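Report on the following structure.
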Amino acid sequence: MFKKSTTNKQLGLFTTASSLMCKRESKQYDNENGWHMQFYRNVTSNIDEEVFRPLFDEKMGCPTKAIRQLVAMSILKEGAGCSDETLYENCRFNLLWRAALGLFNIDDQCPAISSYYHLRELICNYEETSEEHENLYEKCFQKLTAAQCKAYKVSGKTVRMDSKLISSNIAWYSRYEIIHRTLLKSVDKSVAPRIADQLVRLKAEDFLDEEASKTVYRSDSETLGKRLLDLGIVISHILKVHAETELALLRRVFHEQYDVAEDGTITVRDKKLITSDSVQNPNDTDAAYRSKGGKKVKGFAVNITETCDEESKPNLITDVQVEPANKADNGFVKDAVKKTKEVTGNKVDKLHADGAYQSKDNRELAADKENGFDFIANGIQGKPSRFDLDLQEDGTLQVTDKQTAEVMTAIKVNDDKWKIPVKTKEGKDTYRYFDKASAERSKARRQTESIPWDERKKRNNVEASIFQYCFHTRNNKTRYRGLIKHTLQAIARCAWINMRRLFLYDIEMSLQIA
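Here our numbering = 1-based position in the sequence shown + 336.
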């Protein structure tokens, strides 16, 4: 049963921590500028428990524990980068952590660890089962940040964003290990006797007793390729004796890794045809593969949007998005701008980002008359072309050769294509073709290069937020598995970053006043 808690806790005459301390320690403990008091004032007290009402039945069960304390505990955990055991040790016996949660009396009871896990479970289940797949934890973060923006008068009219690839807490399996471990995770040895074909049944028994890592280590590529095919045949027979609704994960992996002809012949799919969103590890089916800047990641992409107002105001993170690693950066812009407006209450007038966020859709979004904004990118993806294209209003295309500075009018082929005569390296005459998309990219590149450097470099400071986000990760690898849990971790970490920025801002303001 949902029951809202109060932030005005009655202090005991003889049980408050500060009343049992000496004068010096009591003064530091009660200091309103201490981080624990700042956390209680800017985070714990501002958590809107009403957001989580849909998780609880109004008619049955005992009253809920203080939800604001449970949410605040998750933020403290990601802020310190500690384990659950250390979190509960501090929340029970560390006076500053207890004060941050509003447990000012020595006899105030810390919520049980079962309540902490139960709330996380309810949040995850609600997102998976609700019609809109709404993340209540994200909604809570938005309301919390909105209250902070209002209190500190952060406008959010100018924002910047960047993304970070983060690895899931999974082992890096080979192709054979992915398929084999999915088989072992999906079925047990009792499934082998149900296979009608005797030869396939013997192979199934062999695979179910096998340790995949040892097989990969001792096998050459030819032997491993044959076993990979045999493994596919065994899985195909296992799937035949189960209903279509059963063994969903095994079916997914089978259809990602194998091709089945019309006559039923099974072949191992070419590696180049396997998509980046295929299963990378059966223990985290949400993780995707991506290679960026020479680094290979099996996990997720975290996009962070923060304010960067001209005035001396704290820069607060207004939006956190977590998607599989193969999602392009330019896909984050629309939602980030929309959610930032909802948090700050102000329309975004200026967006700073890098070249990876450039796209036709985002340029059209920025050019919208009603909700548009200045899109300031410090670059644009792709190698610069030798030719600069300028599409005139009358439909003619002016082409400038950057090497020779020659300007020519392109020959129109159709409404979407033009050509110019060029010579190959061998001296042969040929044509170079251009389309409207090429002209739009050329225009976007000119606009980007014309932006003053002082404006373009403002995006760079968002790197500090990215660094702080992954500060407690191990080689950019989290403790978690699954998209939902990574989302909860990223939001909690960013809520802590916001708190620290407000804490440092208040210290700076108090020093200026002094």
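Glycine is no exception: its CB is placed at the ideal position from the N, C-alpha and C atoms. All values reported here derive from a predicted model rather than from experimental measurement.
Short check: CB of residue i to CB of residue j, under 8 Å?
i, j, result
"K486", "V387", "no"
"N666", "A692", "yes"
"N369", "A483", "no"
"H508", "K634", "Correcting the residue type first, residue 508 is Trp in the shown sequence and not His. It is a contact, given that the beta carbons lie within the stated cut-off."
"V548", "F440", "One detail in the question is off: residue 548 reads as Ala in this sequence, not Val. Going by C-beta atoms, A548 is not nearer than 8 Å to F440."
"L652", "T481", "yes"
"Y452", "P650", "no"
"L455", "H372", "no"
"N471", "T740", "no"
"T351", "D443", "yes"
"R563", "T581", "no"
"N714", "V669", "no"
Identify which residue in the options has its Cα closest to the Cα of residue i.
i, options, result
"A775", "E762, K761, L733, A800", "L733"
"D671", "I640, L586, N651, K748", "I640"
"M845", "H808, C806, S648", "S648"
"G568", "I502, E547, H591", "H591"
"L834", "Q804, H822, S450", "As written in the sequence, residue 834 is Asn, which differs from the Leu given in the question. Closest by alpha carbon: Q804."
"L609", "A800, D545, I802, D595", "D595"
"G438", "Y365, K489, Q825", "Y365"
"S778", "L652, K738, L725, R815", "L725"
"I827", "F723, V656, F543, E425", "V656"
"I712", "Q825, V495, F543", "V495"
"R817", "S504, N461, R768", "S504"
"V758", "D752, T380, D737", "D737"
"D542", "A746, H516, Q694", "H516"
"K475", "Y488, V407, K500", "V407"
"N682", "F429, K489, S341, R389", "K489"
"D524", "D393, D622, E546", "E546"
"D690", "V577, R781, M744", "R781"
"Y376", "I411, K363, R360, L391", "I411"
"Y473", "C830, N662, D393", "C830"
"R626", "D645, C644, T611, N662", "N662"
"R722", "I843, I756, D751, R815", "I756"
"D533", "S499, V577, K500", "V577"
"N811", "R360, K359, K500, I514", "K500"
"P660", "D622, T654, K696, G630", "D622"
"R605", "D384, G630, G561, E762", "G561"
"I843", "N367, T760, S555, R360", "N367"
Would you report the Cα separation of residue i and residue j, rounded to the nearest angstrom?
i, j, result
"V615", "T603", "19 Å"
"K521", "D420", "27 Å"
"E642", "L838", "14 Å"
"R404", "A435", "13 Å"
"E742", "K772", "21 Å"
"C418", "Q593", "38 Å"
"E729", "R511", "53 Å"
"T465", "I459", "10 Å"
"K632", "L819", "18 Å"
"V536", "N617", "25 Å"
"K628", "D613", "15 Å"
"C446", "K413", "15 Å"
"G600", "A448", "55 Å"
"K677", "V658", "19 Å"
"L847", "F477", "29 Å"
"A800", "G708", "27 Å"
"A664", "L356", "56 Å"
"E468", "Y462", "10 Å"
"Q694", "D710", "13 Å"
"F807", "K705", "40 Å"
"S674", "L391", "Note on residue identity: the sequence assigns Lys, not Ser, to residue 674. Cα-Cα distance, rounded: 26 Å."
"A750", "Q783", "The amino acid occupying residue 750 in the given sequence is Asn; Ala does not appear at that position. Going by the C-alpha atoms only, they are around 26 Å apart."
Who are the Cβ neighbours of residue i in its own chain at under 6 Å, not counting the five residues just before and after it?
i, result
"L855", "What is shown of the chain runs 337 to 850, which leaves residue 855 out entirely."
"G415", "W832"
"P720", "none"
"N796", "none"
"D384", "K479"
If contacts are defined as beta-carbon pairs under 8 Å, then residue i and residue j qualify, I think. What distance do you get, rounded to the angstrom?
i, j, result
"M497", "V798", "6 Å"
"V679", "G492", "7 Å"
"D620", "I502", "No, D620 and I502 are not in contact; Cβ-Cβ is about 12 Å, not under 8 Å."
"Y769", "K748", "Y769 to K748, Cβ: 11 Å. No contact."
"S341", "A402", "4 Å"
Considering only residues of the same chain and omitting the five flanking positions on each side of residue i, which have a CB-CB separation below 8 Å?
i, result
"L575", "L583, L586, R587, F590"
"A540", "V527, A528, I531, V570, H573, I574"
"K813", "I502, S503, S504, N505, G635"
"A597", "T603"
"N745", "Sequence inspection shows Thr at residue 745; the Asn mentioned does not correspond to that position. The answer, listed in chain order, is T732, L733, Q734, V735."
Excluding sequence positions up to five away, which residues of its chain have a Cβ less than 7 Å from the Cβ of residue i?
i, result
"A428", "The question names Ala, yet the displayed sequence has Arg at residue 428. These residues qualify, in order along the chain: C446."
"M409", "L423, C427, L437, Y452"
"K761", "none"
"R815", "N505"
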